[in-house]
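Scroll down for the structure; my scribbles are underneath it.
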Amino acid sequence: MNDLIEFLTQFHKNAPPFISENEDGSYSLVGSSDIVNGCQFNYGELGKYKLTAKNHSKTLLALMNFIVLLDGMSETDELSFEDKEVIEYLKFEFNNVLNQYFGKDVYYSHDVAMKVLRDNPQLVNEALYNITKDKEQIKQIDYQAIVDGLEGTQFEDPYINIAYEIAKDFNLRPYDVIQKWTTSELIVTFAKLANDRSLDSFLNWKYSQKDAPKRKAPRKQAFYFEEIGDDEDG
3 MNDLIEFLTQ FHKNAPPFIS ENEDGSYSLV GSSDIVNGCQ FNYGELGKYK
53 LTAKNHSKTL LALMNFIVLL DGMSETDELS FEDKEVIEYL KFEFNNVLNQ
103 YFGKDVYYSH DVAMKVLRDN PQLVNEALYN ITKDKEQIKQ IDYQAIVDGL
153 EGTQFEDPYI NIAYEIAKDF NLRPYDVIQK WTTSELIVTF AKLANDRSLD
203 SFLNWKYSQK DAPKRKAPRK QAFYFEEIGD DEDG
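To get this note's numbering, take the position in the sequence shown, counting from 1, and add 2.
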């Protein structure tokens, strides 16, 4: 359990990208886009799996909850690797991450847990980013809390939405994109589409008729690309 927790306490370089929101309303893909691929990881008897629009958000929320739990236990000096009951409790809690990733109930295995994290370091980076970007302490997070906070508006999974947008642009079956594309493939493709649209909009604005009333200049670029820096790589 020690090495699993250590893996969850640092940003990982050379990980596939995830989306982060900038203060000016633009977005960045943080990671290394050249590592994006559609491969599935082999988990032995459990089969082959990867992060897709189908399981990414649920796995991310479960992992964020686990990290918040670790932080809370650490602050109250309850995090002891010598206490067998604590270790069993942590295994039980992390099992929810595995259940969400595999989409079914599985028994906790340390080797499988570490392989899931090492296969998907962008998930750890995204969880840490989401937790640390806010000054207020994040408490237990779940879908219903998100829905309740939207005052009746329907919560839509961003990765599902991105999959639908890509399917529409490329005339693909939405379910195939949701089921078969990795979320890294999704966001890199979507970022390219969004940047092309932003540039087209800007150029249309820039070269519109001279006397035509002009709205506020649109962005030239919607997504930017960043890498995990040395100062973040603990």
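Even glycine gets a Cβ: it sits at the ideal position worked out from N, Cα and C.
Own chain, CB closer than 6 Å to K86, minus 5 neighbours either side, in chain order: As a working note, residue 86 is residue 84 in the sequence shown. Cβ within range, chain order: n/a, list empty.
message: Taking the beta strand (DSSP E) that F20 belongs to, which residues open and close that run?
response: Counted from its first residue, the sequence shown places residue 20 at position 18. Residues 20-23.
message: If I measure Cβ to Cβ from H58 and keep anything under 6 Å in the same chain, skipping five residues before and after, which residues do I get?
response: Sequence index remark: in the sequence shown, residue 58 carries index 56 (1-based). So the qualifying residues of the chain are Y161, T185.
Y109 in three-state terms, based on DSSP: Against the sequence shown, residue 109 aligns to sequence position 107. Looking at Y109 - three-state DSSP - the assignment turns out to be coil, as it is neither helix nor strand.
task: Would you kindly work out how many angstroms separate the C-alpha atoms of K52 and V108, rounded to a whole number?
output: Within the sequence shown, numbered from 1, the residue matching residue 52 stands at position 50. Within the sequence shown, numbered from 1, the residue matching residue 108 stands at position 106. The alpha-carbon atoms of K52 and V108 are separated by roughly 16 Å.
query: Residues in its own chain within less than 8 Å of F96 by CB, not counting five upstream and five downstream?
result: Numbered from 1 along the sequence shown, position 94 holds the residue referred to as residue 96. Result list for F96: L6, F68, Y110, A115, in chain order.
field: Proximity winner among V126, L195, I164, V70, relative to H14 (alpha-carbon distances)
entry: The sequence position of residue 14 within the sequence shown is 12, counting from 1. Comparing Cα-Cα distances from H14 to each of V126, L195, I164, V70, the minimum goes to V126.
query: What is the rounded straight-line gap between the Cα of S34 and the Cα of E8?
result: Translated into positions along the sequence shown, residue 34 becomes position 32. Translated into positions along the sequence shown, residue 8 becomes position 6. C-alpha separation (whole angstroms): 22 Å.
query: Whose C-alpha, out of P123, A219, D202, N4, is nearest the C-alpha of A17?
result: The residue you call residue 17 lines up with position 15 of the sequence shown. Of the listed residues, the one whose Cα sits closest to A17 is P123.
Buried or exposed by the 16-neighbour rule on C-beta atoms within 10 Å, applied to E23: Residue 23 sits at position 21 when you count from the first residue of the sequence shown. Result: exposed.
task: For Y103, count neighbouring C-beta atoms within 10 Å of its own C-beta (all shown protein chains included) and say buried if the count is 16 or more, exposed if not.
output: Counted from its first residue, the sequence shown places residue 103 at position 101. It is buried - the Cβ of Y103 has at least 16 other Cβ atoms within 10 Å.
query: In terms of DSSP beta bridges, what is S30 paired with?
result: Translated into positions along the sequence shown, residue 30 becomes position 28. According to DSSP, which records beta bridges pairwise, S30 is partnered with S22, Y226.
message: Between the alpha carbons of N44 and N197, how many angstroms are there, rounded?
response: Looking up residue 44 in the sequence shown gives position 42. Looking up residue 197 in the sequence shown gives position 195. Cα to Cα, the separation comes out at about 34 Å.
query: Can you list, in chain order, the residues of its chain whose CB lies under 8 Å from that of L201, leaving out five sequence neighbours each side?
result: Reading the sequence shown from its first residue, position 199 is the one you call residue 201. K222, Q223.
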